[in-house]
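A.B. asks: Numbering (the working numbering), first residue to last: 10 to 514. Even glycine gets a Cβ: it sits at the ideal position worked out from N, Cα and C. Right, I'll just put the structure down here and ask away after.
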């Protein structure tokens, strides 16, 4: 046989489109060419495959070898096609006795010159896609734990080319990989809310944010505990559901990040430095990769020192905060990544950090304070549901023993009860409610409506800000176990946005 077709998978965002590796041997001077829009790393597989086959004891055919990666209009990158190319050459040259290329088997892996099979990125999306077609997947051994997360996909793992050849020719079958036992999130060490002293309003805001999926902004002087509070939000969130684990693990897989936390159901917590570029935050590059907002999918994105981020970097967050995804467009293709995260931000009230803290330490002028706070645009603030001041703790509270509040486990129990109410009522979290749905689930009485109209007119709130207020009020009602939103919840939602006295927007 001089023609063999081996099936594998490309990587396009978190998708894994199928690729057929067609290997043809013909007469002519010995050569090897790869067509089908291969990039540099794919073209270099000629030398890796040749050396790996020779080192493993196989004959490299002294004929003209043509390799086509179909479809031809899909860009191919990386070393993930090495294994399929090597097996295709062996099959086309008749060195795999008793094995015919099987369309029900796919394989992915990079080859070392010694014949070892090295791990690659993006194996989990490939395993999910192969399983949907009822195909088995052959992967590097180091990718096995990741691949078996795709339930229903038969996975075989090999560490050397000879092991794989033995499996295909049935000389020595590889055992099917078994899914690893799921870990409980509670066994994962996470910062506990009980370690936070005082800050009752900030603790309450964390509970509300966790219960409704709301965005949160802490403002206060240095050392008031803003970062400490933000780091405890993931511990209040419920573990990832099975479909969410697959999504989060797939993003980690294509990014080269560990997938073990997603396997344990732990929600991501990303904390990029304020020197991060727009591409680092939202993703992109010549070969698009997920950014911090996608790595925080189904978790928390914490932006400390918010005004220190360049304004043009912060502005790119506006669309993902609304849509829950990011579309990266290039001349040749578009890549879509999920980005449904909770934004938690922290900032100082002025450049020195001590404005309005009850002392005379702040030396900033009013103009400096205004310019510092204006670094955050109104449209971005409009998308942050909870905005509150975090004052510095008095020395007596900070040093007093036995001042611990509720633990994360106690608060998480109330959060999960509130989330269950939301899922039973509308099938999703409150942050995802549309305007028409808010009218149905909030049901404000005439007095509460009049109050909200008065605040909107006085503070010139946008429709978006009004809807976000109602979503927070609905979450407060769910935490209280109430079927409708009362005036008390509306007032508390206004207070969390600094509008209880009607003098701030």
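#1: Given that a residue counts as buried once 16 or more other Cβ atoms are within 10 Å of its Cβ, and exposed if not, what is residue 235?
#2: Would you check if there are 3 or more beta carbon pairs closer than 8 Å linking the stretch 397–414 to the stretch 446–453?
#3: Mind checking which residues open and close the alpha helix (DSSP H) that includes residue 398?
#4: In the DSSP assignment, find the alpha helix (DSSP H) that holds residue 310 and state where it starts and stops.
#5: Using C-beta distances below 7 Å, list every residue in its chain close to residue 508, excluding the 5 sequence neighbours before and after it, in chain order.
#6: According to DSSP, is residue 334 part of a helix, a strand, or is it coil?
#7: Quick check: the Cα distance between residue 488 and residue 267, rounded to an integer number of angstroms?
#8: Quick check on this structure: which residue in 318, 339, 171, 94 has the alpha carbon closest to the alpha carbon of residue 52?
#9: So does the stretch 472–491 actually touch the stretch 214–221, counting three or more Cβ pairs closer than 8 Å?
#10: Exposed or buried, what is residue 85 when buried is set at 16 or more other beta-carbons lying within 10 Å of its beta-carbon?
#11: With a CB to CB cut of under 8 Å and the five nearest residues on each side skipped, what residues in its chain are close to residue 322?
#12: According to DSSP, simplified to helix, strand and coil, what is residue 515?
#13: According to the neighbour-count rule (16 or more other Cβ atoms, all chains shown, within 10 Å of its Cβ), is residue 555 buried or exposed?
#14: For the beta strand (DSSP E) holding residue 172, just list the boundary residues, first then last.
#15: For residue 363, does the three-state DSSP call read helix, strand or coil?
#16: When the distance is taken between beta carbons, is residue 353 closer than 8 Å to residue 311?
#17: Can you tell me the Cα-Cα spacing of residue 26 and residue 90, whole angstroms?
#18: Between the beta-carbon of residue 546 and the beta-carbon of residue 369, is there less than 8 Å?
#19: What are the boundary residues of the alpha helix (DSSP H) that residue 284 is part of?
#20: Who are the near neighbours of residue 104 in its chain, counting only those whose CB is closer than 6 Å to its CB and skipping five residues on each side?
#21: Just to confirm the assignment, what range does the alpha helix (DSSP H) spanning residue 356 have?
C.D. replies: Taking the geometry as given:
#1: buried
#2: no
#3: Residue 398 -> not in any alpha helix (DSSP H); beta strand (DSSP E) instead, spanning 395–398.
#4: Where residue 310 is concerned, there is no enclosing alpha helix (DSSP H), although the beta strand (DSSP E) it sits in stretches over 309–312.
#5: 464, 468
#6: strand
#7: 35 Å
#8: 94
#9: yes
#10: buried
#11: 285, 286, 287, 290
#12: Because the chain is modelled from 10 through 514, residue 515 falls outside the range shown and cannot be assessed.
#13: The first residue shown for the chain is 10 and the last is 514, placing residue 555 beyond what the model contains.
#14: Where residue 172 is concerned, there is no enclosing beta strand (DSSP E), although the alpha helix (DSSP H) it sits in stretches over 170–177.
#15: coil
#16: yes
#17: 13 Å
#18: The question about residue 546 has no answer, for the chain in this structure spans 10 to 514.
#19: Per DSSP, residue 284 belongs to no alpha helix (DSSP H) and is neither H nor E.
#20: 67
#21: Per DSSP, residue 356 belongs to no alpha helix (DSSP H); it is in the beta strand (DSSP E), 351–356.
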